[in-house]
Amino acid sequence: MIRVNKRTEVAWEEGITVTDLLEKLNYTYPHIIVKVNGELVRRHAYDTFTIPDGADVRVIHLIAGG
-6 MIRVNKRTEV AWEEGITVTD LLEKLNYTYP HIIVKVNGEL VRRHAYDTFT
44 IPDGADVRVI HLIAGG
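Following our numbering from start to finish, the sequence shown increments by one per residue and tops out at 59.
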């Protein structure tokens, strides 16, 4: 199981990547920060960074105001 933002649980799958998880959860914002177990995942690594079972994932949307 993967826990996202301390509230949503997603079934873990072998080889699931950050990109896969974001697609499953319909995150489409252009500016997102992702941390897996406290480790920042760079955008260029979303397609290759695999998420371990039991991971704590934080997805943060960057929003500018004015």
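Note that CB positions come from ideal geometry on N, CA and C, so glycine has one too.
Bear in mind that the values here come from a model prediction, so they are computed numbers and not experimental data.
Q) Based on Cα-Cα distance, which residue from ARG(-4), ARG51, ASP46 and ALA57 lies nearest to GLU32? A) ARG51
Q | Sub-8 Å separation of PHE42 and THR1 beta-carbons | A | no
Q: Could you pull the start and end residues of the alpha helix (DSSP H) that THR12 belongs to?
A: 11 to 17
Q. Under a Cβ-count criterion, where at least 16 other Cβ atoms within 10 Å of its own Cβ denotes burial, should ILE44 be classed as buried or exposed?
A. buried
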